[in-house]
Amino acid sequence: MTKLSRRQFGMASLALAGASLAGALPASAQQLKGGRLRVAVLSELANYDPQQLSTVNFHVIKNLYDSLIEYTPEGKPEPSLATEWTIAPDKTSVTLKLRSGVTFHSGTPFKSDSVLATLQKGADPKRGKNVFATMSIVKDWSAPDDATVTINFKAPVPERQILDLLQFLLPIDPKGIDTVETVPAGTGAYTLVNRAVGQSLTLKANPKYWREKQPIAQDLVFTVFSEDASASAALESGAVDIVYNGSSRSAVRLKNAGFQVFAGPGPLVQVFRINSTRGPFRNKAFRQAFNFLMDRASILRVGYAGMGKVVALPWAPASPAYDESYTKTYAYDLDKAKKLIADSGLSADEMKNWKLLVNGSDEPSVAISQIVQGSLQKVGIPIELDMRQGAEYVTALLGGDFAATFGAVGNVQKFPSRVATNSIYRTSGNPILKDPHPHPDYVAAIARVDSASGGVAEVKAAYDNLNKVMVAEAFGIPTNSYDVGLIVASDKVGGVTLDIDNLFVARTIGFK
Amino acid sequence: MTAYVLRRLFQMLPVLLVASFAIFAMIYAVPGGPVAVIVGENAGPEEIAAAIQRYGLDRPMVVQYADWLGRAMTGDFGLSLHSRQPVLQLIGERLPATLQLAFAAIIVALVIGIPVAIASAVKPNSWLDRLLSGWSALALGVPTFWLGILLILLFAVELRWLPSASRHVPLWESPLDALRSLALPAITLGTYVSGILARFLRASLIGEARADYVRTARAKGVPENRIVGLHIMRNALLPFVTVVGLMMANFIGGAVVTEAVFTYPGLGRLLIQAISTRDYPLLQGCILVILVAYMLINLTVDMLYAWIDPRIEYR
Amino acid sequence: MTETLARLKGLLGRLLARRGAALGLGFLALVALAAAFATVLPFDPLSQSVAASLLPPSAENWFGTDELGRDILARVIYGARTSLLTAVGAVVIAALVGVPIGLAAGFYGDWRDSLLMRCIDVLLALPNILFAMALIAVLGRSQGAALIAVGIAGIPGFARIARAQVMALRQLDFVTAVRGFGGSPGYIMFRTILPNALSPLVVQAIVLASIAILLEAALAFLGVGVPPPTPSWGEMLRTGKSYLYEAPTYAVLPGIVLTLTILSLDTIGRALTAILDRDETDASGETIGGRR
Numbered sequence: 001m002t003k004l005s006r007r008q009f010g011m012a013s014l015a016l017a018g019a020s021l022a023g024a025l026p027a028s029a030q031q032l033k034g035g036r037l038r039v040a041v042l043s044e045l046a047n048y049d050p051q052q053l054s055t056v057n058f059h060v061i062k063n064l065y066d067s068l069i070e071y072t073p074e075g076k077p078e079p080s081l082a083t084e085w086t087i088a089p090d091k092t093s094v095t096l097k098l099r100s101g102v103t104f105h106s107g108t109p110f111k112s113d114s115v116l117a118t119l120q121k122g123a124d125p126k127r128g129k130n131v132f133a134t135m136s137i138v139k140d141w142s143a144p145d146d147a148t149v150t151i152n153f154k155a156p157v158p159e160r161q162i163l164d165l166l167q168f169l170l171p172i173d174p175k176g177i178d179t180v181e182t183v184p185a186g187t188g189a190y191t192l193v194n195r196a197v198g199q200s201l202t203l204k205a206n207p208k209y210w211r212e213k214q215p216i217a218q219d220l221v222f223t224v225f226s227e228d229a230s231a232s233a234a235l236e237s238g239a240v241d242i243v244y245n246g247s248s249r250s251a252v253r254l255k256n257a258g259f260q261v262f263a264g265p266g267p268l269v270q271v272f273r274i275n276s277t278r279g280p281f282r283n284k285a286f287r288q289a290f291n292f293l294m295d296r297a298s299i300l301r302v303g304y305a306g307m308g309k310v311v312a313l314p315w316a317p318a319s320p321a322y323d324e325s326y327t328k329t330y331a332y333d334l335d336k337a338k339k340l341i342a343d344s345g346l347s348a349d350e351m352k353n354w355k356l357l358v359n360g361s362d363e364p365s366v367a368i369s370q371i372v373q374g375s376l377q378k379v380g381i382p383i384e385l386d387m388r389q390g391a392e393y394v395t396a397l398l399g400g401d402f403a404a405t406f407g408a409v410g411n412v413q414k415f416p417s418r419v420a421t422n423s424i425y426r427t428s429g430n431p432i433l434k435d436p437h438p439h440p441d442y443v444a445a446i447a448r449v450d451s452a453s454g455g456v457a458e459v460k461a462a463y464d465n466l467n468k469v470m471v472a473e474a475f476g477i478p479t480n481s482y483d484v485g486l487i488v489a490s491d492k493v494g495g496v497t498l499d500i501d502n503l504f505v506a507r508t509i510g511f512k
Numbered sequence: 001m002t003a004y005v006l007r008r009l010f011q012m013l014p015v016l017l018v019a020s021f022a023i024f025a026m027i028y029a030v031p032g033g034p035v036a037v038i039v040g041e042n043a044g045p046e047e048i049a050a051a052i053q054r055y056g057l058d059r060p061m062v063v064q065y066a067d068w069l070g071r072a073m074t075g076d077f078g079l080s081l082h083s084r085q086p087v088l089q090l091i092g093e094r095l096p097a098t099l100q101l102a103f104a105a106i107i108v109a110l111v112i113g114i115p116v117a118i119a120s121a122v123k124p125n126s127w128l129d130r131l132l133s134g135w136s137a138l139a140l141g142v143p144t145f146w147l148g149i150l151l152i153l154l155f156a157v158e159l160r161w162l163p164s165a166s167r168h169v170p171l172w173e174s175p176l177d178a179l180r181s182l183a184l185p186a187i188t189l190g191t192y193v194s195g196i197l198a199r200f201l202r203a204s205l206i207g208e209a210r211a212d213y214v215r216t217a218r219a220k221g222v223p224e225n226r227i228v229g230l231h232i233m234r235n236a237l238l239p240f241v242t243v244v245g246l247m248m249a250n251f252i253g254g255a256v257v258t259e260a261v262f263t264y265p266g267l268g269r270l271l272i273q274a275i276s277t278r279d280y281p282l283l284q285g286c287i288l289v290i291l292v293a294y295m296l297i298n299l300t301v302d303m304l305y306a307w308i309d310p311r312i313e314y315r
Numbered sequence: 001m002t003e004t005l006a007r008l009k010g011l012l013g014r015l016l017a018r019r020g021a022a023l024g025l026g027f028l029a030l031v032a033l034a035a036a037f038a039t040v041l042p043f044d045p046l047s048q049s050v051a052a053s054l055l056p057p058s059a060e061n062w063f064g065t066d067e068l069g070r071d072i073l074a075r076v077i078y079g080a081r082t083s084l085l086t087a088v089g090a091v092v093i094a095a096l097v098g099v100p101i102g103l104a105a106g107f108y109g110d111w112r113d114s115l116l117m118r119c120i121d122v123l124l125a126l127p128n129i130l131f132a133m134a135l136i137a138v139l140g141r142s143q144g145a146a147l148i149a150v151g152i153a154g155i156p157g158f159a160r161i162a163r164a165q166v167m168a169l170r171q172l173d174f175v176t177a178v179r180g181f182g183g184s185p186g187y188i189m190f191r192t193i194l195p196n197a198l199s200p201l202v203v204q205a206i207v208l209a210s211i212a213i214l215l216e217a218a219l220a221f222l223g224v225g226v227p228p229p230t231p232s233w234g235e236m237l238r239t240g241k242s243y244l245y246e247a248p249t250y251a252v253l254p255g256i257v258l259t260l261t262i263l264s265l266d267t268i269g270r271a272l273t274a275i276l277d278r279d280e281t282d283a284s285g286e287t288i289g290g291r292r
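Chains as they are written, first to last, in the numbering used here: chain A, 1 to 512; chain B, 1 to 315; chain C, 1 to 292.
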């Protein structure tokens, strides 16, 4: 296993984007030319720290940095800055061989010291940011030589969780690690030229990049748009070549107008979040009724233009815990819902004594909340919508100050216990359900997944158990997956690579 | 004159202060402070507490306002809580876009409004006058956002001539792109204003035409187009300037609906965003700019009055 | 009372004699009737059918269906309730607050005048729509909030007109006479001056009604109007705008109804102004001074 050729990347992306790509030629079938790639993005990045990964900097991180390992869109691990990884038979450590001949943008050679510095930052509660929680399984680390790193774990760790950690680590130049928020310090295919805050970000090709013949485009310019409609209009008028992270609805429309659409394997899952500590939701049968009350097909169609999949569990298809059968079992069924509602023993007044909190700034949320309201009306539960805008909504969400609301969750294609990084699924310090967690079965099920490091059967049993507990406790009712980080490109552009987390990877993109 | 201007400027201050404090107090009273937006959805209680402390949001409202006011006096408008960029810079990016749209809209309004007014004032109550009055009524009655939608449907969706969403392109950077981007919002806003201008100008033209000096001129045999062009127009311009000025002042912050239709990056939408994220410094900065612009334009209009009509004197 | 009624009847007759105003009154009556009897009509604005969403106009759904498969005509009819309720409510609020302010300011004419008018200036300095949005941010989205926000925006108009009327009337002999009899300021303002200043205020009420409907629609268009699923014309335009490619009639048809409503009010308002103006010129002040 050495590095991944462009051909393989191209094929992988084609296989995944499949149906939505009808008519597009495989990138490898033609020679792509370089040039100036202009990308419209819908968010201003927060900073350049790869350990503060959030959707606002999805478009830059993988262009300035490389991961230790990568995943194919199907979830298969691939070498990147680490050429080999060996997991000890007792699953308490992993040993990495590092790629030679790689340098950081500053000219510093990439060696084991940078991996150690990166691990250290990640394990620091102040500097670790998003990586910190993932580092909780790590005991310590060592570097026998410049090209080898060993990471030791506190207990046996499932293989998939180890791989997630490696994929989540993007080595930072030890010299620049303290200023990484303002000055990028990676090994990535592009280097920073200029940033006009709130307007644009200009990068240029890293001449010493280690992947052969990459990046293809010499210049990479991101323009920040505040509106989806403006970004689409810019693409249509030829002012940009690609729109990254636009809405599903625009993507469908632009596809019909002849543009290429690429959907990555790392979607979000929309979840009807229920505060099970309040009002009628304390009643388990009442909550379970909501498994059947979600008109998922309509929600997907109206909210996300049909782009995505209906799901009854918070997993993307790439997740190891994904189980299609739940979608059928918990399909929209008002009769089953009515029966559970009757079983709950609640009075009609108790059942309607709550409001559905709605993020008024989010168009899909407004539409799908009305669908749920309509379904509830049909089973005799007339409720009101509590529309809040911007800060007011986030405050209610943050404080757990709601009875029920729609909110998307991420990390649904990774190791299953990673779902607990989302507030409603947290096992401790849950801002909505508070401590002690009202659903000990769920907490136990997550712990069981985390400790299932044995054979395939043990792991599968742990996943099945988690799935069963999730629908039984019913404090989060997933409705559908939908795309984040959608790439809509003009037909002149080819060679789009899909990232497992739907980050934007520019190095393989060129002009036909 | 100078004394007059100074007095007017001085009179503005209390209105400015009261308005800006009133808005601050109102937004402050709302549940959902800016902290939630700053720290994000997955933040813990310690992070929230730290952010509240860091931004001084635990102080009483009046103290926060006074603090802001004190700094603002020295020209320091602070950083936006949300984007951590200087408020003045954010406003500075939006203001040119707003002004460009305002000027373009006024030009559209003048181009439509003046001929309509003159044509209908020449023969009041003729069929032409009625037709054109109907136009004014239509221009005023059609909601700008609906007109915008119709224009988008025609020019962007059907004909595909113009973009459905606008960007701000400075005119001197790329005149063609700027015009393409400005065309639909400027027509939308300008049509509405043309209705106001046409009605106003028609009324004052007819009023002036009945005036004694016009009768005298006619009696003396001065050619009709000279009468209309020179005498009537000149005097009718007076109230007209006021209306144009008022419109300008209103556009600084009040074109927000048109901005929303075309997703145009103007000042109005920046203010709405500031309200929605409870970004107090940005909110205060925007309101101050809008108020000051409103008052300065009003003052300019009054001075233009004096310049057009030497009979008016300010003390 | 009977006298006022008779006067109103006469006014109505003269309005109907004008073609434009008659058409406007007719359309308004239609909208008002539809709004009033919406519940009796066989239309359901809330019944969803996502399978039948975004349909073009047809014999079954005259205006087509929206993104949730609801009948757009039904929503336009129920939306009239939202619009008219806001208009009436806003006019009442603006008049109840604005008229006394204007009366007092004009009647006293001293520092109280300056103070009150400066307050009005503050209201005027900020664009209506921004002020309304800030207020709704405080009150939360609801029918009541929309109504209050729009109403407050209408206060300056009433205040200024009332003030101008008082200034014109307070020196007239019938007012000085009442003052001579020892009438209290309140009595003079509300029982003597106000009844004689009604005409321009009525015109202002109609003007404000159209502004209110427009402003409510604009607020809903910006996403801060009456919350869904309650139908509102502005909200329909807002949602319709994002479906321009899929269902162009969605945003067009409710817009026509909204525009016609505003045009009707505008036409009536101007006709009324013309009629009242003529009365005043004809009687050269008689109408004002004549009734004591």
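A virtual CB, placed ideally from N, CA and C, is assigned to each residue, including glycine.
None of these values were measured; they are calculated from a predicted model.
- By the C-beta density criterion, B/Ile107 is exposed, having fewer than 16 other C-beta atoms within 10 angstroms.
- The C-beta separation of C/Ala90 from C/Asp44 comes to about 28 Å, leaving the pair out of contact by the 8 Å criterion.
- The beta carbon of B/Tyr213 does not come within 8 Å of any beta carbon belonging to chain C, so the residue lies off that interface.
- At least one CB atom of chain B sits nearer than 8 Å to the CB of C/Ala137.
- Between C/Ile148 and the set C/Ser184, C/Ala177, C/Leu54 and C/Val97, the nearest pair of CA atoms involves C/Val97.
- B/Pro175 sits exposed, since fewer than 16 C-beta atoms from the chains shown fall within 10 Å of its C-beta.
- Taking 8 Å as the CB threshold, C/Glu216 stays off the interface with chain A.
- The Cβ-Cβ distance between C/Phe174 and C/Leu201 does not fall below 8 Å.
- Put simply, the CB of A/Ala305 is far from chain B, with every gap to its CB atoms at 8 Å or more.
- DSSP, reduced to helix, strand and coil, places C/Ser114 within a helical segment of the structure shown.
- Interface annotation, A/Leu498: not in contact with chain B, CB-CB separation never under 8 Å.
- A check of alpha carbon separations from B/Phe200 across B/Val256, B/Thr277, B/Leu140 and B/Ile187 identifies B/Leu140 as the nearest.
- Counting along the chain, the unbroken beta strand (DSSP E) around A/Met387 starts and ends at Glu384 to Arg388.
- Just measuring C-alpha positions, the residue of A/Asp295, A/Gly374, A/Asp140 and A/Ser319 sitting nearest A/Arg418 is A/Ser319.
- Looking at the backbone, the Cα of B/Val169 and that of B/Thr277 are separated by about 27 Å.
- Residue pairing by DSSP places A/Gln270 opposite A/Ala408 and A/Asn480 in a beta bridge.
- Exclusion of the five residues before and after C/Ala145 leaves Ile136 and Leu139 as the residues of its chain whose Cβ lies within less than 6 Å of its Cβ.
- Bounds of any alpha helix (DSSP H) do not take in A/Ser200; it lies within the beta strand (DSSP E) bounded by Ser200 to Ala205.
- Take the alpha-carbon of A/Glu181 and the one of A/Ile69: they are about 23 Å apart.
- Closest in C-alpha terms to B/Thr300, from the list B/Ala249, B/Val261 and B/Gln100, comes B/Ala249.
- For A/Glu363, the residues of chain C that pass the 7 Å Cβ criterion are Ser242, in the order they occur in the chain.
- Chain-ordered listing is empty here: chain A has no CB closer than 9 Å to the CB of C/Arg112, the nearest sitting near 39 Å.
- Taking the C-beta atoms as reference points, A/Asp501 is found no nearer than 8 Å to A/Gln260.
- Going by DSSP, B/Ile252 is part of the alpha helix (DSSP H) stretching over Met233 to Gly254.
- Per DSSP, A/Asn359 is one residue of the beta strand (DSSP E) stretching across Lys355 to Asn359.
- Where A/Tyr244 is concerned, there is no enclosing alpha helix (DSSP H), although the beta strand (DSSP E) around it starts and stops at Ile242 to Tyr244.
- By the neighbour-count definition (other C-beta atoms within 10 Å, threshold 16), A/Lys62 is a buried residue.
- Between A/Pro416 and A/Ala321, the C-beta spacing is below 8 Å.
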